Each structure stands twice: as C-alpha cells, then as structure tokens.
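Each residue of the sequence shown is one higher than the last, beginning at 0 in numbering that gives the first Met the number 0.
Glycine residues also receive a C-beta, built at the ideal position from the N, C-alpha and C atoms.
Because the structure is a prediction, the values reported are computed rather than measured.
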Amino acid sequence: MGRRARPKADLDTELADLPPELRWREWMGRVEAVIFASPEPVTRETLARVVGRDCNLDLIIDDIRDELRGRPYELVAVAGGWQHRTRKNFAEAIRAAIGAGNDGKALSQTEALILACIAYYQPINRSELSSFFGKEVSRDTIG
C-alpha cells in the first residue's frame, strides 16, 4: 500500500492584514504548535514554512522560551532542531505518577500505525484515516 501525500494547505504566512503585535503572537503560536505536535526535533527549515519571510525565528524561539519560564516543560535545541522537553526537576513526579515500567497494554500493529498516522497528520478525522489505510477505521480504535 503506497503512502498518499496530503494536499498542501494554503497558509497565509505573511499575515500582512494583522497589526505587528498580533502577527508576532500568531507566528509564536504556529511555531510552538508545530514543535509540540512533532515527535522529533523540528528544524529551522520546517518552522520557516509557517511564518513570514521577514520573521526572525531566533527571536520567536526566545520569546516562546521566555513565556515557558516557570512551566514544567521547555523548548530545547536538539539535533539541529527544537523540541518540547519536560524539565529535569519534574522527573521524580512523572515517575511517581506513571511508573518506571510500562504497565499499560501493548498496542497492536494496526493500533500503532493508526496512532502514528494521527500524530503525523494531525488534525485528521476518522474518514481521512479510513481513506489513508484503505479500510474502515473503527470508532473504538480511535476513541
């Protein structure tokens, strides 16, 4: 089964109709959302696709990092990109809540593929998933 590319959405990256402050806030939100949604570090080239040509990504990242001060997670430079990471001082709380081992039920191969597809293409709905896999995806599987 071949992988189908999703159609590229027309995204207004320049946001020329917005005042500078709102434009900057929108760019910050887009950059943070892309980084948050990605399972791996997001490169500068990827982030540049969601902001205007004159946007300074270094300043955007600095502003996002400033806003995250005092939060349990931060933006860190990893492997030539950016990624959300939990701050180290919260590791003990996470281990206490979730545990060190994997006590959860293992996913089937189909469930893992569906979850990977959702993570990669989000937002995506059930009919798009069904189209992608070439068969019906049950509500129980994604619910």
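Integer-rounded CB distance, given that residue j should sit under 8 Å from residue i
i   : j   : result
V77 : P40 : 4 Å
Minimum C-alpha distance to residue i - residue among the options
i   : options               : result
R29 : L10, Q108 and I93     : L10
P71 : E44, F89 and A32      : F89
G45 : V33, E66 and G133     : The sequence shown places Thr at residue 45, not Gly. Cα-wise, what sits closest to T45 is V33.
G51 : M27, G98, I63 and T42 : M27
V75 : E127, W23 and E31     : E31
Coarse secondary structure for residue i, derived from DSSP in three states
i    : result
E135 : coil
G79  : coil
T45  : helix
T85  : strand
L144 : Outside the displayed span of the chain (0 to 142) sits residue 144, for which this structure offers no information.
E73  : strand
L67  : coil
R3   : Below a pLDDT of 50, predicted positions are generally treated as unreliable, and R3, at 49, falls in that range; the measurement from the model is reported next regardless. Coil, per DSSP.
Straight-line Cα distance separating residue j from residue i
i    : j    : result
S107 : V49  : 34 Å
E110 : R138 : 12 Å
L58  : I117 : 30 Å
R68  : R86  : 10 Å
V73  : D61  : Note that residue 73 is Glu in the sequence shown, not Val. The straight-line gap from Cα to Cα measures roughly 11 Å.
E25  : A115 : 27 Å
I141 : A36  : 18 Å
L21  : R43  : 22 Å
E135 : D65  : 44 Å
E91  : E13  : 43 Å
I97  : K104 : 14 Å
P18  : N55  : 17 Å
F132 : D16  : 39 Å
A95  : L112 : 29 Å
I63  : A47  : 15 Å
I93  : D53  : 40 Å
(Q) Could you check whether the region 119-133 touches the region 81-94, counting it as contact only if at least three pairs of C-beta atoms, one from each stretch, sit closer than 8 Å? (A) At 8 Å Cβ cutoff, the stretches do not touch.
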